[in-house]
């Protein structure tokens, strides 16, 4: 079998493919969107005092993208950045939840590489239903490693939640306009596990470079999620940190700007999907809390599959 990629072609295409992969986390096939995402992540990570999250992002994206080249996977997906987006999320998650040890970084490399071939395998199943795996390879592989960390002292789960039943505590919220704006922007930034409203602004600007429709739905989705979780009196700390916004943002971009026909019926269907994601998020939070395990972007994956699988004629989702 002839090689699809040579060393020369890999070096030439790698930077573009790498940053496209980061952009693809929010369905944007744009190197410039990926670069702006990266700048926003570095800003937010260092603002929080956890700069290793930003470096983890780059390492995860590099490893998962290189894995695609090494495995000689088809360029139709690699050139669009579809090898790297799961890996870059792995790179954000490991330093966020695990202790900064050499074994954590080795685990990050292994897990990021796994997402590329796990995605290829899951695609063979999901494509029978004309569906995308979205970020599920990241979710599945990261869950394995985070659960293993409970037993492996080499990558201590010092930043993971304590295994316990959720209580739904009601911490006080800043209900002034500026406070709500910060919560709204953090809901967008948390797609990459960054708790910074400034990063949220970077992400909106990055989306606008590629798609104004995606920008609009990201903004609307975070606002709807914030409204719903406040009305239903969700946990105050989670609301303040944007933790009910990020999956809703991804659902909104997927249903409203990526897999739809842009009709008014599609817009209504997308809004229902966003609202449903908030409740799926809460349900999954309650389910995984006794294990001390984060839901990651699992609620987005589940909600979007549930809304795409019916394939209603009024929605007519586009395929990859």
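Numbering (the working numbering), first residue to last: 4 to 323. Positions of the beta carbon are idealized from the N, C-alpha and C atoms, including for glycine. Since the structure is predicted, the reported quantities are computational estimates derived from the model, not experimental observations.
- Proximity to residue 230 across 126, 279, 34 and 65 peaks at 279, based on C-alpha coordinates.
- Cβ-Cβ distances below 8 Å link residue 291 to 297 and 298 in the same chain, with the five nearest sequence neighbours on each side left out; the list follows chain order.
- Per the Cβ contact rule, the segment 68-75 is not in contact with the segment 249-256 (fewer than 3 Cβ pairs under 8 Å).
- As the crow flies, the alpha-carbon of residue 293 is around 12 Å from that of residue 150.
- Scanning the segment 238-285 for uninterrupted alpha helix (DSSP H) segments of 4 residues or longer gives 239-243 and 249-256, listed from N- to C-terminal end.
- Boundaries cannot be given for residue 177, as no alpha helix (DSSP H) includes it and DSSP labels it neither H nor E.
- 7 Å or more divides the Cβ of residue 92 from the Cβ of residue 160.
- When the beta-carbon positions are compared, residue 142 and residue 300 come within less than 7 Å of each other.
- No Cβ-Cβ contact shorter than 7 Å links residue 315 with residue 243.
- Residue 50: member of the alpha helix (DSSP H) spanning 34-51, first to last residue.
- Between residue 97 and residue 109, the C-beta gap is not smaller than 7 Å, which leaves the two residues out of contact.
- Look at residue 225 here: in three-state DSSP terms it is helix.
- Residue 188 is classed as buried because its beta carbon has at least 16 other beta carbons within 10 Å across all chains shown.
- Put simply, of 103, 257, 258 and 318 the residue whose alpha carbon is nearest the alpha carbon of residue 158 is 103.
- In this structure, 310 is the residue among 233, 77, 310 and 16 with its C-alpha nearest to the C-alpha of residue 271.
- Under the 8 Å Cβ criterion, the segment 45-60 does not count as touching the segment 225-241, having fewer than three qualifying pairs.
- Taking each of 240, 29, 84 and 116 in turn and checking the Cα distance to residue 67, the smallest one comes out for 116.
- In the assembly as shown, residue 247 is a buried residue. Its beta-carbon has 16 or more other beta-carbons within 10 Å.
- Annotation for residue 107: the continuous alpha helix (DSSP H) segment containing it runs 105-129.
- Sixteen is the threshold: since fewer than 16 other Cβ atoms of the shown chains lie within 10 Å of the Cβ of residue 178, the residue is exposed.
- One Cα belongs to residue 31, the other to residue 274, and the distance between them is close to 20 Å.
- The residue from 37, 64 and 182 with its alpha-carbon nearest to that of residue 86 is 64.
- Closest by C-alpha distance to residue 165, out of 289, 36, 39 and 303, is 289.
- Using a Cβ distance threshold of 7 Å, residue 36 and residue 213 count as a contacting pair.
- By the neighbour-count criterion, in which 16 or more other beta carbons inside 10 Å mark a residue as buried, residue 284 falls on the buried side.
- Membership of residue 160 in any alpha helix (DSSP H) is not indicated, and neither H nor E is assigned to it by DSSP.
- Per DSSP, the continuous alpha helix (DSSP H) segment holding residue 96 begins and ends at 88-100.
- The Cβ atoms of residue 136 and residue 90 do not sit closer than 7 Å to each other.
- In this structure, the beta-carbon distance from residue 33 to residue 26 falls below 7 Å.
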